[in-house]
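If you read the protein sequences in the order shown, they are chains A and B.
Here the working numbering is used: the first residue of the first sequence is 16, the next is one more, and so on.
Here the working numbering is used: the first residue of the second sequence is 11, the next is one more, and so on.
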Amino acid sequence: MDIDVKKIANLSRIRLTDNEAKELAPQLSSIMGYIDKLSEVNTDGVPPTAHPHDVAMPQRADVVTNADRRDALQQPAPRTESGLYVVPKVIE
Amino acid sequence: MSWEMVIGLEVHCQINTKTKAFCGCSTEFGAEPNSQTCPVCLGMPGQLPVLNDVAAKKTILTGLAINANINLESKFDRKNYFYPDLPKGYQISQFAVPVVEGGYIDIPTPDGEKRLGVTRIHMEEDAGKSMHEGLDAVSHIDLNRSGIPLMEIVSEPDMRSADEAIAYLKQLHQIIKFLGVSGADMEKGQFRCDANVSVRRKGEPFGTRTEMKNMNSFRFIKQAIEFEALRQIEILEDGGEVKQESRLWDSVKNESRSMRSKEEAHDYRYFPEPDLPPLRVTQEEVDAIKASMPELPNQLRKRFETEFGLSAYDADVLTQTQSLAQWYEALVAAHPANPKQCANWLANELLGRLKELNKDITESPISAKGLASLLDRIADNTISGKIAKDVLDAMMESGKDVDVIIEEKGLKQVSDTGAIDAMIQEVLDANPGQVEAYKGGQDRLFGFFVGQVMKASKGKANPAMVNQRLKELLG
């Protein structure tokens with residue numbers, strides 16, 4: 016299977032050198048080939064699995080439980096200003 | 011062959027919950043930046059989302075209101091893309107199996123009612139807010155909005171003009187307001203619209219579409235759709251091809267422009283959200299939600315027409331908001347004799363005056379009972395309809411009771427035959443020429459006499475009596 020490793024890396028924001036991409040291509044292909052084996056199984060009449068555990072979704076009451084912890088939560092941010100996160104300019 | 015527009019709409023509507031879709035952070039508008047965030051909506055590693063049950067219920071309610079099917083089992087998926095206001099690197103959305111599928115909305119058109127399909131409504135979470143203006147080399151990010159629950163309401167490409175698109179949006183907006191599932195304040199971005207627009211020669215297959223992103227005013231949406239359709243027609247008539255792309259509407263320059271997004275920006279690589287099991291609801295739960303549904307605008311309009319004999323136009327005006335409809339019903343309850351007159355006085359007189367004051371019905375200085383008592387005074391001939399308008403002005407200004415104003419200003423209608431006869435006689439004496447002409451067969455002069463008498467009485471004479479006595483006295 017032919018995989019565009021560079022494209023996938025770009026979508027995932029992972030920087031790869033040409034050599035790394037070359038090295039990864041056959042590895043990813045073999046993983047894909049392995050997964051492709053699943054298509055050999057006859058799944059007629061089997062409902063698709065959305066989740067490995069057969070449980071219904073637990074839900075939460077609509078009640079505010081979180082206080083303002085901005086200072087603590089912004090500790091790991093490389094840069095903030097007046098409570099805002101500062102990031103490299105996003106070009107529209 | 012003439013060109014035809016094909017329009018499909020996607021509406022993102024903030025669900026008005028107290029907390030976010032998947033965490034217990036407040037959704038209060040206008041808070042200090044990033045003061046309403048937590049590890050879940052900041053996308054910290056290892057945090058798990060838990061669905062807000064009100065968000066699910068309100069989405070189901072909306073689905074029921076547009077006659078859609080509710081999927082008793084629906085699923086969440088991850089929509090992957092990178093942007094600094096999306097801290098997880100993906101948005102939790104519903105892709106493969108949304109909670110609501112296959113509804114419709116009926117809109118009025120010049121050719122009668124038209125049914126427009128709604129493909130689906132799915133739940134998802136909002137992103138944060140990025141700010142670029144006035145900043146050099148950096149952007150600022152506020153994540154208070156990150157994780158606020160949204161419904162995305164996707165229509166079929168059923169609209170054929172900008173007017174139909176706007177009618178659909180207004181109807182949807184009104185339904186959402188009636189249901190109370192969203193503030194739907196467009197200026198706050200609680201109800202925003204993407205429009206997919208293409209053109210074709212009538213009868214031909216759909217053309218290539220472009221998507222106009224993120225518009226939050228009916229006026230801009232109409233302008234944007236019309237501009238975009240014309241732009242495409244010009245390209246096609248010049249022998250060119252429309253490029254499938256996202257475009258932004260510039261409401262200052264009145265033009266759309268390409269967002270120049272890279273092709274792969276649309277490669278969202280959806281996959282099932284492993285952190286959330288399927289959302290299951292029972293038919294009993296759906297039925298209970300259905301039972302809680304308020305009367306919808308369309309039902310209300312039809313009821314006003316049949317129960318109160320209103321015109322389609324008046325019924326439409328009086329059902330614009332729930333509070334207005336309730337106000338009207340309170341008015342009719344207090345003055346049941348003439349629902350049609352109630353509608354006229356509310357729609358034309360009171361709403362007109364409120365509009366001048368920039369107020370809506372909830373801010374009216376007079377109550378439904380107050381207006382009813384004014385109508386009572388017209389009905390019992392204390393004042394004429396004309397004088398009543400002046401009384402309404404005075405009531406709005408002073409807040410005083412109708413009877414107090416009539417008394418203070420001496421506006422009580424003259425229904426005393428003697429007094430009316432005297433005024434009529436005065437008018438007839440002053441206009442012998444017209445009397446002669448009338449007697450000579452010029453019937454339309456009758457109106458002239460009525461006008462003169464009313465004028466002489468400063469509007470206070472009972473018009474019905476003036477008519478009756480005039481006829482008798484003119485023989």
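Don't be surprised by glycine CBs; every beta carbon is placed ideally from N, CA and C.
Would residue i and residue j be called neighbours here (beta carbons separated by less than 8 Å)?
| i | j | result |
| --- | --- | --- |
| S36 of chain B | V78 of chain A | no |
| H68 of chain A | P288 of chain B | no |
| N81 of chain B | P108 of chain B | yes |
| Q444 of chain B | F458 of chain B | yes |
| E162 of chain B | E134 of chain B | yes |
| W489 of chain B | A404 of chain B | Here chain B has residues from 11 to 485 only, and residue 489 of chain B is not among them. |
| M433 of chain B | A471 of chain B | yes |
| V424 of chain B | I430 of chain B | yes |
| A322 of chain B | G157 of chain B | no |
| M15 of chain B | R125 of chain B | no |
| L240 of chain B | T72 of chain B | no |
| A357 of chain B | V327 of chain B | yes |
| D18 of chain A | S44 of chain A | Here the sequence assigns Ile to residue 18 of chain A, which means Asp is not the residue at that position. Yes. Within cutoff. |
| R279 of chain B | E221 of chain B | no |
| K410 of chain B | E359 of chain B | no |
| H132 of chain B | Q101 of chain B | no |
| F216 of chain B | S208 of chain B | yes |
Compute the beta-carbon to beta-carbon distance between residue i and residue j, rounded to the nearest angstrom, for a pair I have assumed lies under 8 Å.
| i | j | result |
| --- | --- | --- |
| I231 of chain B | I176 of chain B | 7 Å |
| N226 of chain B | G199 of chain B | 6 Å |
| S149 of chain B | K104 of chain A | 5 Å |
| R75 of chain A | N62 of chain B | 6 Å |
| Q2 of chain B | D136 of chain B | Shown here, chain B extends from 11 to 485; a query on residue 2 of chain B therefore has no answer. |
| K98 of chain B | G53 of chain B | 4 Å |
| V50 of chain B | P43 of chain B | Actually they are not in contact, since the Cβ atoms of V50 of chain B and P43 of chain B sit about 18 Å apart, beyond 8 Å. |
| I376 of chain B | N206 of chain B | Not a contact, Cβ separation roughly 46 Å. |
| V412 of chain B | L384 of chain B | 5 Å |
| F281 of chain B | R88 of chain B | 6 Å |
In chain E, which residues lie with their C-beta within 7 Å of the C-beta of residue i?
| i | result |
| --- | --- |
| S140 of chain B | The displayed structure is made up of protein chains A and B, and chain E is not among them. |
Whole angstroms are fine: how far does the CA of residue j sit from the CA of residue i?
| i | j | result |
| --- | --- | --- |
| I70 of chain B | S45 of chain B | 30 Å |
| L19 of chain B | S261 of chain B | 19 Å |
| R30 of chain A | E38 of chain B | 39 Å |
| T119 of chain B | D173 of chain B | 9 Å |
| I299 of chain B | S84 of chain B | 17 Å |
| L341 of chain B | V460 of chain B | 32 Å |
| P62 of chain A | A147 of chain B | 51 Å |
| E305 of chain B | G127 of chain B | 21 Å |
| E123 of chain B | Y178 of chain B | 11 Å |
| N79 of chain B | F314 of chain B | 28 Å |
| N391 of chain B | V401 of chain B | 14 Å |
| Q462 of chain B | K419 of chain B | 22 Å |
| E274 of chain B | L26 of chain A | In this predicted model, E274 of chain B has a pLDDT of only 47, less than 50, meaning its place in the structure is not dependable; the value taken from the coordinates is given anyway. If you take the alpha carbons of E274 of chain B and L26 of chain A, they lie about 7 Å apart. |
| E214 of chain B | G250 of chain B | 17 Å |
| A474 of chain B | S12 of chain B | 57 Å |
| P91 of chain A | F86 of chain B | 30 Å |
| K481 of chain B | K350 of chain B | 29 Å |
Taking only beta-carbon positions, decide if residue i is within less than 8 Å of chain B.
| i | result |
| --- | --- |
| N34 of chain A | no |
| D8 of chain A | As displayed, chain A neither begins before 16 nor continues past 107, which places residue 8 of chain A out of reach and without an answer. |
| A24 of chain A | no |
| Y100 of chain A | yes |
| A76 of chain A | yes |
| D83 of chain A | yes |
| P73 of chain A | yes |
| A87 of chain A | no |
| V56 of chain A | no |
| I18 of chain A | no |
| R30 of chain A | no |
| A65 of chain A | yes |
Taking 8 Å as the CB-CB cut-off, is residue i touching chain A?
| i | result |
| --- | --- |
| L52 of chain B | yes |
| C23 of chain B | no |
| S261 of chain B | no |
| P118 of chain B | no |
| T220 of chain B | no |
| R279 of chain B | yes |
| T129 of chain B | no |
| E273 of chain B | Any answer about E273 of chain B is weak, because its pLDDT of 49 lies below 50 and its placement is not dependable; what the coordinates show is given next. Taking Cβ atoms only, chain A never reaches closer than 8 Å to E273 of chain B, which makes this a no. |
Proximal residues, the stretch 30–42 of chain B versus chain A, C-beta separation under 7 Å: C33, G34, C35, S36, E42
Interfacial residues, the stretch 184–212 of chain B to chain A, with Cβ spacing under 9 Å: none
Residues in the stretch 284–305 of chain B having any Cβ partner in chain A nearer than 8 Å: P284, L286, P287, P288, L289, R290
Contact set between the stretch 61–85 of chain B and chain A, restricted to residues whose Cβ is under 8 Å from the partner: L61, N62, D63, V64, A65, A66, K85
The stretch 140–158 of chain B: positions lying closer than 9 Å to chain A by Cβ: S140, M141, H142, L145, D146, A147, V148, S149, H150, I151, D152, L153
Interface positions of the stretch 309–325 of chain B facing chain A (Cβ-Cβ less than 9 Å), listed along the chain: none
Interfacial residues, the stretch 347–378 of chain B to chain A, with Cβ spacing under 7 Å: none
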